[in-house]
Structure formats: C-alpha cells, structure tokens
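Structure record follows, encoded as structure tokens.
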Amino acid sequence: MTKPILELRHVVTKVNRNTPEELTLLKDLNLTINEGDFITILGSNGAGKSTLFNTIAGNLTIDSGDILLRGESIANESEERRTRFLSRVFQDPKLGTAPRMTVAENLLLATKRGEHRHLAPRHLNQHMAEFKEMTSGMGNGLNERLTTPTGSLSGGQRQALSFLMATLKKPDILLLDEHTAALDPKTSQELMTATNDRIIAQNLTCLMITHHLDDALKYGNRLIVISDGKITYDVSGEEKQQLTQEKLYSFFSDLQE
Numbered sequence: 099m100t101k102p103i104l105e106l107r108h109v110v111t112k113v114n115r116n117t118p119e120e121l122t123l124l125k126d127l128n129l130t131i132n133e134g135d136f137i138t139i140l141g142s143n144g145a146g147k148s149t150l151f152n153t154i155a156g157n158l159t160i161d162s163g164d165i166l167l168r169g170e171s172i173a174n175e176s177e178e179r180r181t182r183f184l185s186r187v188f189q190d191p192k193l194g195t196a197p198r199m200t201v202a203e204n205l206l207l208a209t210k211r212g213e214h215r216h217l218a219p220r221h222l223n224q225h226m227a228e229f230k231e232m233t234s235g236m237g238n239g240l241n242e243r244l245t246t247p248t249g250s251l252s253g254g255q256r257q258a259l260s261f262l263m264a265t266l267k268k269p270d271i272l273l274l275d276e277h278t279a280a281l282d283p284k285t286s287q288e289l290m291t292a293t294n295d296r297i298i299a300q301n302l303t304c305l306m307i308t309h310h311l312d313d314a315l316k317y318g319n320r321l322i323v324i325s326d327g328k329i330t331y332d333v334s335g336e337e338k339q340q341l342t343q344e345k346l347y348s349f350f351s352d353l354q355e
C-alpha cells in the first residue's frame, strides 16, 4: 500500500503566542491526502481554512503535531523550501504575477520554481510556441497577449496566468485559495472549468478553498468542512456525489446550533 502524499497529524497552530491575544487556530487537526485527490474545502469565516493552507505552505509554524510529505516530516522546513513541491494560487489576481513582466516572462520565471536561481541566458523565444499552446487552453485570449505586461491584463486573464504558473511544473501539492472569488460569475466559471480540466489532465493533487457550494459539490473527488479549527466532515466517492446543497446547508446549521 502506497503512503499518502501529505499528512497532517494532530496539528495545533497558534498566533500571538505568549500574549493576552494568543489564539489557537488549528486544534488537533488531522488530515490525510492521497495522490490525485482533488479536495474542495468549505467552512465559515474564521473556521481555519486559510490557516490550514498557511500551515501546509509554511507561512505559519505549528505548535505541536507533525506534517509529513510521503512519510517524511517537513514541519521544520521553511516556506521557501516547500516551494520545491508546493504551489499556491491566492484570491487576489495581483499576488501571483510580476506586473511589469510580460505574460511569457512570467511563465518563463515559473519554469524555475523551486530551483536555485543564477544568472543565465533567458532563451525566451524558444519557449514561445509552448507558452502559446498552454495559454490557448484557458479560452480567454491569454494566448494572444504573451508579449503584454501582466499589469495590463484583465483580472480573469491575470488569475488564469497565476494558475498556469502554479501548475507549470506539476507540483506535488496545489493549493487554490478561493482563486475565483474576485472574478465576475462568468469569468469565475470559465476559470473553474479550465482549472478542473488541467487538474484532471495532469493528475494533480489539489486542495481548493471555496465559498461556492455548487463548485464544492461539482468539482473534486472529496469534500471536507472545517469548523473551529477542526475537520468536522470528510466525504468522498459516491457519498460525495449524492450530496446536495440542502444537505450541506443543514450540516452548517447543525454546526451553529
């Protein structure tokens, strides 16, 4: 039996440690992620969703417990070291790209993710055909703007570029932190469709935070709910397929009673 790709074991994460404002955000949280899982994550504001991502990515250090990548602890690895195996797309389209660099230059930068940086010829032109084909799959005209500075793109195009940059080197773990939330409904659904297609085509292991119940139900093979720093619901396979919005609404109502 193969080992899980990522495990969080009895993880406790606090902020404002040793002050009167100390808060425990993750409370003995356990999560096992298998290779190829596409997990959608629901939870109310302050439940611990972003804290979970920050803990996995190394932005926050854990106070107790362990985080294992293929059975080896990474709990003490820095945020920078974790970029070797992890990519993240944030809610704000401006966070994942360099605005003064062109689309092609941003994609070229992404080919070096997790590597030691050094001075070397860029060889940008030899990648242009590859980048044009890759961006064509997003269906939003990004393929026609390879030489455009990223700061001049629409929000949807910029977020699509952030997603492509995060998946270009096929990370072991992909974190999507409400990556469609800042977009209008049409653009959001276009990006979500392209996201799902690329995750399936590359067999990526992905965790996606969303506030859209319909997206949580439609996409992925697994759904988890976080409440008060713990995973309170974890459903997959046929059981997930049979879930409805009404069942999820009732589940959230039960948590609040």
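Numbering-wise, the sequence shown is residues 99 to 355 according to the numbering used here. Yeah, the Cβ is synthetic: ideal placement off N, Cα and C, and Gly gets one too. Keep in mind it's a predicted model, so treat the numbers as computed, not measured.
Nearest neighbour of residue i, chosen from the options [CA to CA]
{"i": "M199", "options": "S171, E228, T246, T181", "result": "T246"}
{"i": "R168", "options": "K267, E133, T195", "result": "E133"}
{"i": "A173", "options": "F183, G156, Y347", "result": "G156"}
{"i": "S234", "options": "T278, A202, Y331", "result": "A202"}
{"i": "R180", "options": "H309, Q343, L273", "result": "L273"}
{"i": "L281", "options": "E231, H310, K230, Y347", "result": "H310"}
{"i": "V333", "options": "L121, I137, K101", "result": "I137"}
{"i": "P102", "options": "N116, D135, R320, S176", "result": "D135"}
{"i": "L184", "options": "G163, K338, T153, G237", "result": "T153"}
{"i": "R107", "options": "G163, L315, A196", "result": "G163"}
{"i": "E238", "options": "P197, G249, T195, A258", "result": "According to the sequence as given, residue 238 is Asn; it is not Glu. Considering only alpha carbons, the answer is A258."}
{"i": "L315", "options": "T195, I139, A299, M232", "result": "I139"}
{"i": "L289", "options": "T303, E337, A264, H277", "result": "H277"}
{"i": "G146", "options": "Q339, E177, I329", "result": "I329"}
{"i": "F188", "options": "A279, L244, R320", "result": "A279"}
{"i": "S250", "options": "V113, A196, Q300", "result": "A196"}
{"i": "F349", "options": "K338, Y331, Q339", "result": "Y331"}
{"i": "K125", "options": "E119, N116, I160", "result": "I160"}
{"i": "R296", "options": "R115, L158, M236", "result": "M236"}
{"i": "T303", "options": "R186, M232, K345, P283", "result": "R186"}
Assigned secondary structure, residue i (DSSP; H/G/I helix, E/B strand, else coil)
{"i": "D356", "result": "What the structure shows of the chain is the stretch from 99 to 355, and residue 356 is not part of that stretch, so it cannot be assessed."}
{"i": "Q354", "result": "Low local confidence applies: a pLDDT of 48 at Q354 is under 50, so the model's placement there is unreliable, with the coordinate-based value given in what follows. Note: Q354 maps to helix in three-state DSSP."}
{"i": "R107", "result": "strand"}
{"i": "K345", "result": "helix"}
{"i": "M199", "result": "coil"}
{"i": "I298", "result": "helix"}
{"i": "L357", "result": "Because the chain in this structure spans residues 99 to 355, residue 357 falls outside the shown range and cannot be described."}
{"i": "S185", "result": "strand"}
{"i": "E170", "result": "strand"}
{"i": "L321", "result": "strand"}
{"i": "L207", "result": "helix"}
{"i": "L281", "result": "coil"}
{"i": "K112", "result": "strand"}
{"i": "Q340", "result": "coil"}
Between the CA atoms of residue j and residue i - distance to the nearest angstrom
{"i": "N143", "j": "V110", "result": "19 Å"}
{"i": "G206", "j": "A292", "result": "Strictly speaking, residue 206 in this sequence is Leu, with Gly absent from that position. Using only the alpha carbons, I get a separation of about 21 Å."}
{"i": "Q287", "j": "E170", "result": "37 Å"}
{"i": "N204", "j": "L240", "result": "13 Å"}
{"i": "T209", "j": "L266", "result": "7 Å"}
{"i": "K192", "j": "D275", "result": "13 Å"}
{"i": "Q343", "j": "D312", "result": "7 Å"}
{"i": "N294", "j": "G318", "result": "8 Å"}
{"i": "I307", "j": "T130", "result": "16 Å"}
{"i": "G327", "j": "M263", "result": "30 Å"}
{"i": "P269", "j": "R182", "result": "8 Å"}
{"i": "Y347", "j": "D190", "result": "27 Å"}
{"i": "E175", "j": "E337", "result": "36 Å"}
{"i": "C114", "j": "L341", "result": "According to the sequence displayed, residue 114 carries Asn and not Cys. So the two alpha carbons sit approximately 38 Å from each other."}
{"i": "K345", "j": "S325", "result": "16 Å"}
{"i": "K112", "j": "P283", "result": "35 Å"}
{"i": "L321", "j": "E119", "result": "32 Å"}
{"i": "L217", "j": "N116", "result": "Residue confidence for L217 is low, a pLDDT of 40 falling below 50, so the modelled location carries little weight; the figure read from the coordinates is stated next. Going from the Cα of L217 to the Cα of N116 covers about 44 Å."}
{"i": "K230", "j": "L150", "result": "35 Å"}
Contact belief for residue i with residue j at Cβ below 8 Å, rounded distance in angstroms
{"i": "L104", "j": "L166", "result": "7 Å"}
{"i": "S252", "j": "G194", "result": "Incorrect: roughly 15 Å between the Cβ atoms, too far for contact."}
{"i": "R243", "j": "Q255", "result": "7 Å"}
For this session: Let me know the alpha helix (DSSP H) ranges lying completely inside the segment 209-278, each 4 residues or longer, listed in chain order.
Result: Listed in chain order, the complete alpha helix (DSSP H) runs (minimum 4 residues) inside the segment 209-278 are 226-234, 253-265.
Exercise. Which runs of the alpha helix (DSSP H) fall wholly inside the segment 118-167 and span at least 4 residues, in chain order?
Worked result: 147-155
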